[in-house]
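In our numbering, the protein residues as written are 848 to 934.
The structure under discussion appears below in the form of structure tokens.
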């Protein structure tokens, strides 16, 4: 369930501070980008049957994923050009 649903400001702040000091790992799912950015320092993404690990908060994850996808696309285009040259 959404961890911040139905919490007043006091409870939300308490919950945020509790999670910041929690010594273990947490699997967190939330639509609240600000909440995620304040709490997380890494993301594991499962996409297309593969696992990708990113360091940083949610905004950093989005930037890193976009850069990785751009790099993969550029490598693919280069590969296709090389294939064309060889044919």
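Note that CB positions come from ideal geometry on N, CA and C, so glycine has one too.
Quick one: what does DSSP say residue i is sitting in, helix, strand or coil?
i           : result
residue 890 : strand
residue 854 : coil
Nearest by alpha-carbon distance to residue i: which of the options is it?
i           : options            : result
residue 902 : 895, 894, 912, 896 : 912
residue 880 : 923, 928, 924, 851 : 851
residue 798 : 864, 866, 883      : The structure shown does not extend to residue 798, since the chain is modelled only from 848 to 934, so the question has no answer here.
With 16 other CB atoms within 10 Å as the buried threshold, where does residue i fall?
i           : result
residue 869 : exposed
residue 873 : exposed
residue 898 : exposed
residue 908 : buried
Practice problem: Mind listing, in chain order, the continuous beta strand (DSSP E) runs of no fewer than 3 residues lying wholly within the segment 862-927? | Solution: Counting whole runs of 3 or more residues, the segment 862-927 contains the beta strand (DSSP E) stretches 889-894, 897-902.
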